[in-house]
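Colleague: My structure is below; once you've seen it, I'll send some questions.
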Amino acid sequence: MQENPALEVKGSVNYNSPDGTPVELVYVANENGYQASGSHVPVPPPIPELILRSLQYIAEHPAPVERVVKKN
Numbered sequence: 003m004q005e006n007p008a009l010e011v012k013g014s015v016n017y018n019s020p021d022g023t024p025v026e027l028v029y030v031a032n033e034n035g036y037q038a039s040g041s042h043v044p045v046p047p048p049i050p051e052l053i054l055r056s057l058q059y060i061a062e063h064p065a066p067v068e069r070v071v072k073k074n
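Numbers given in our numbering equal positions in the sequence shown, counted from 1, plus 2.
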């Protein structure tokens with residue numbers, strides 16, 4: 003059992019936008035932060051394949067650690 007269990011809050015909000023369009027926002031807030039979803043919430047574009055491959059390469063080939071020698 004966790005010593006300090008995470009709290010979670012879930013809910014939704016419904017309203018009509020100024021142009022009369024019904025809007026529903028569903029949300030959850032927990033140890034992962036606040037996450038909202040709804041048809042009006044912007045969604046980022048997918049990450050391009052070239053960028054994904056570049057990130058994978060960087061993760062697999064970390065920069066070498068340089069030793070720093072102090073001169074007195």
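C-beta: ideal position from N, C-alpha, C; glycine also. Nothing here was measured: the structure is a model prediction, and the numbers come from that model.
1) Roughly how many angstroms separate the alpha carbons of Y36 and S14, rounded to a whole number?
2) Using the three-state DSSP reduction, which class does L27 fall into: helix, strand or coil?
3) Which residues in the same chain as V11 place their Cβ atom closer than 6 Å to its Cβ, once the five residues preceding and following it in sequence are excluded?
4) Can S39 and V28 be called in contact, C-beta distance under 8 Å?
5) In the structure shown, what three-state DSSP assignment does S39 receive?
Modeller: With the structure as the only source:
1) Distance between Y36 and S14, taken at the CA atoms: about 13 Å.
2) strand
3) A31
4) yes
5) strand
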